[in-house]
Structure formats: C-alpha cells, structure tokens
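All residue numbers in the sequence shown are consecutive under this note's numbering, ending with 293.
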Amino acid sequence: MTVAPASAQVPQLDSLRMLTDLSVLAHDSMAGRGVGTLGGLRARAFLERAMAGTGARPPGDGYTQAFNWPRGTGANLVGLVPGRDLDADVIVLTAHYDHEGVRGGDIYNGADDNASGTAAALEITRQLVAAPLEHTIVVALLDAEEEGSWGARALLDRPPVLRERIALNVNLDMVARTDGVLWAAGAYHTPALRPILEAVATSAPVKLQLGHDRPGAPEGDDWTQSSDHSVFHDAGIPFVYFGVEDHADYHRPTDDFERIDPAEYLASVRTILMALRALDRALPLGEPAPG
Ligand SMILES: [Zn+2]
3 MTVAPASAQV
13 PQLDSLRMLT
23 DLSVLAHDSM
33 AGRGVGTLGG
43 LRARAFLERA
53 MAGTGARPPG
63 DGYTQAFNWP
73 RGTGANLVGL
83 VPGRDLDADV
93 IVLTAHYDHE
103 GVRGGDIYNG
113 ADDNASGTAA
123 ALEITRQLVA
133 APLEHTIVVA
143 LLDAEEEGSW
153 GARALLDRPP
163 VLRERIALNV
173 NLDMVARTDG
183 VLWAAGAYHT
193 PALRPILEAV
203 ATSAPVKLQL
213 GHDRPGAPEG
223 DDWTQSSDHS
233 VFHDAGIPFV
243 YFGVEDHADY
253 HRPTDDFERI
263 DPAEYLASVR
273 TILMALRALD
283 RALPLGEPAP
293 G
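Encoded structure:
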C-alpha cells in the first residue's frame, strides 16, 4: 500500500457551514460592515458567537479586542488554537471582516472582500481545533482594514502571545473569486517560503501562483502593502498573503454572495489549509531577505 505524502492530501471542509457564514456576513442586514456602524456591530456579535463555536480559546477575558482609531472604536475577534508543541513559535492567521458600509444609499456587502476570508478563517479554525498543528495558531478577525489596517496594528501593539514568538502571518483577503488562480504573495521577501508554497501548488485544487510581492513592479502589481499583512511585514515578520486579482465587483456594491462560485471558493480554502499545514511543518523559516 502506498500512502500519499501529507502535502498531497486535499483537506475536506464543511463547505455548507462556511458558505452560510459568508452569506450571513454579506447579507444586507450587515449593511456592509462599516467600522463602528450598526452593521459592523452586528457582524462583530455574529463573529464573537462563531469564534466561540469553533472551540478556539479566548486569549484573555473574551475574544473581543477593542481599540481606538481616529474616527471611533473598532474591535478584533481573537482566538487561540494551542499547538501540539506549546513552546514552539506561533502563526497568526488574519482576515479582516470590515468593509465599506453604506455609501450613497448603496450597501457594499463585500462578499469577496472580505466575508470570504473571514468565513474561511472560521472554518479553518474549526479544522485546526479538531486536528491541531505543531504550532499554536492565533486567529484574528480584524476590524478597520479598509480604513488603514487599524485592527492589525492594534493586534500587534497588544498581541495575545509574546510578540517575539510570532513567526509568520497568513493573511486572507478576497479568497473566493479566483477565476481559477489563487495568489500567494510574500515569498519575494522571505525566499524560504517559496519551496514550501511551490510544493503545495503541485497538488492544490486551484492553480496556486506565487507573486505580486516585488518592489518596483508596475502600480498595483506589488501587493506587499495592500492589506493587513503589511503591518506584519513592516514589523519584520514574514507573511503569506492569499488573495485574488481585482475583479469587476471589487469595492463596488455588486460584490455580492450570489456572484461567488461555491466550488471555486471551496477549492481556494482547501488550498489555503493545505498551505497552512505545509508551513506549520516547515517552520522555523530561514532569515528574511533584506527589503
Ligand atoms: Zn479587503
């Protein structure tokens, strides 16, 4: 009997539960999840329950990490999934849940941006609680990304584990509408990531492409500063950012649940979980390259 290498095993997920979470977050009743708005508070309440339901542990009194930003307050939802080796470094899995709210009477539901990454992070958390990795995972559903990554900054200012123990950030932002290609950015800055991600790509259920991380690339082509992973990068922490190319509904009121292809989304999240497991096996990474 031959056993497939672990990297070749495509994980199963509860796709119905994940799609339901996505549809709730992207529902009109969440009013585009603007920071500090009624819709944003609804999303926060929903996610707090969902985080508790994953079985992840609250890092302190609860899952909510409130913070101030220039126009009010925001809140991250943070959970811990202890690894098999409690002395090992930590991976921080992030996905922002806020979006543009309501503008000019239009609701910006942000189904892909980033209900998709938020629902994926919840489902991945459930899988990791059931089968822990070697490394402890901090799962952080972040607020106020659209306003300048205030939630990510609050998380790194007051991390739930010692800052020095954070070995890697894996950030999910727009992971549903792949159109067949999921991008993984970050290996340019941390070359040790490249062989790990390339190995995942050989058996991933979606085309996993490395790139969008080179400084000096044409405008918009380098995604190093495009989402919450930038805060980790600027703090010298390696990151892998998973995301898709901008599409016609990007930051438009038409970024709706109905435009998401469930099979495409599922393939993307399975790939991300494969990558997370591969990264877990590969840590610690080599030193990051300068720049
Ligand atoms: Zn986003």
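Beta carbons are placed, not taken as given, at the ideal position from N, Cα and C, and that holds for glycine.
From residue i to residue j, what does the alpha carbon distance come to, in whole angstroms?
i, j, result
"Val83", "Pro161", "15 Å"
"Arg261", "Asp89", "43 Å"
"Thr273", "Thr226", "21 Å"
"His137", "Pro286", "10 Å"
"Asp91", "Gly36", "33 Å"
"Gly117", "Gly34", "The sequence given here has Ala at residue 117, not Gly. Spanning the two alpha carbons is a distance of roughly 10 Å."
"His235", "Pro207", "28 Å"
"Val141", "Ser232", "17 Å"
"Asp248", "Thr256", "13 Å"
"Gly76", "Phe241", "24 Å"
"Arg155", "Ile198", "28 Å"
"Ala52", "Glu266", "23 Å"
"Asp230", "Glu149", "11 Å"
"Arg59", "Tyr65", "8 Å"
"Ala54", "Ala47", "11 Å"
"Ala97", "Arg73", "21 Å"
"Thr127", "Pro134", "9 Å"
"Arg196", "Ala132", "28 Å"
"Gly288", "Ala201", "17 Å"
"Ala284", "Val172", "14 Å"
"Tyr110", "Arg254", "6 Å"
"Ala291", "Thr204", "Here Ala291 scores only 48 on pLDDT, less than 50, and its place in the model should not be relied on; the value that follows carries that caveat. When rounded, the distance between both Cα atoms is 25 Å."
"Asp223", "Leu130", "32 Å"
"Ser31", "Pro61", "29 Å"
"Ala68", "Gly38", "11 Å"
"Arg216", "Trp185", "13 Å"
"Asp108", "Glu147", "20 Å"
"Arg279", "Arg44", "32 Å"
"Asp159", "Asn78", "13 Å"
"Glu50", "Asp282", "26 Å"
"Ala269", "Asp258", "19 Å"
Pick from the options: whose alpha carbon is nearest that of residue i?
i, options, result
"Ala219", "Pro240, Tyr190, Arg46", "Tyr190"
"Asp63", "Val80, Gly74, Gly106, Thr75", "Val80"
"Ala178", "Leu24, Leu49, Gln129, Pro61", "Leu24"
"Gly112", "Arg167, His29, Leu268, Tyr267", "His29"
"Asn70", "Asp145, Ala45, Arg279", "Asp145"
"Ala169", "Met32, Phe244, Ile139", "Ile139"
"Thr56", "Thr120, Leu43, Thr204", "Thr120"
"Asp181", "Arg86, Arg283, Asp263, Leu21", "Asp263"
"Ser151", "Leu164, Leu130, Asp175", "Asp175"
"Thr192", "Gly153, Tyr243, Glu147, His101", "Tyr243"
"Gly85", "Ala237, Asp258, Phe259, Val163", "Val163"
Any beta carbon from chain C within less than 8 Å of residue i's own beta carbon?
i, result
"Arg283", "Annotation note: the requested chain C is absent from the structure, which comprises a single protein chain."
In the DSSP assignment, the alpha helix (DSSP H) including residue i goes from what residue to what residue?
i, result
"Gln129", "119 to 132"
"Tyr267", "264 to 284"
"Leu135", "Taken as a continuous stretch (DSSP letters only), Leu135 belongs to no alpha helix (DSSP H), as it is neither H nor E."
"His231", "231 to 236"
"Asp159", "152 to 159"
"Phe48", "40 to 56"
Between which two residues does the beta strand (DSSP E) containing residue i stretch?
i, result
"Gly76", "74 to 83"
"Arg167", "From DSSP, Arg167 is part of no beta strand (DSSP E); its letter is neither H nor E."
"Arg105", "103 to 105"
"Val92", "92 to 98"
"Val202", "First-last for Val202: 195 to 203, but that is the alpha helix (DSSP H), not the beta strand (DSSP E)."
"Val26", "Val26 -> not in any beta strand (DSSP E); alpha helix (DSSP H) instead, spanning 17 to 27."
"Phe244", "241 to 245"
"Asn111", "Per DSSP, Asn111 belongs to no beta strand (DSSP E) and is neither H nor E."
Could you tell me whether the Cβ atoms of residue i and residue j are closer together than 8 Å?
i, j, result
"Gly41", "Gly106", "no"
"Leu143", "Tyr99", "yes"
"Gln211", "Val183", "yes"
"Met276", "Val94", "no"
"Gly213", "Ala187", "yes"
"Val271", "Ala122", "yes"
"Glu166", "Asp16", "no"
"Asp87", "His101", "no"
Flag residue i as yes when its Cβ comes closer than 7 Å to any non-hydrogen atom of ligand 1, and as no otherwise.
i, result
"Ser229", "yes"
"Glu147", "yes"
"Met176", "yes"
"His235", "no"
"Asp115", "yes"
"His98", "yes"
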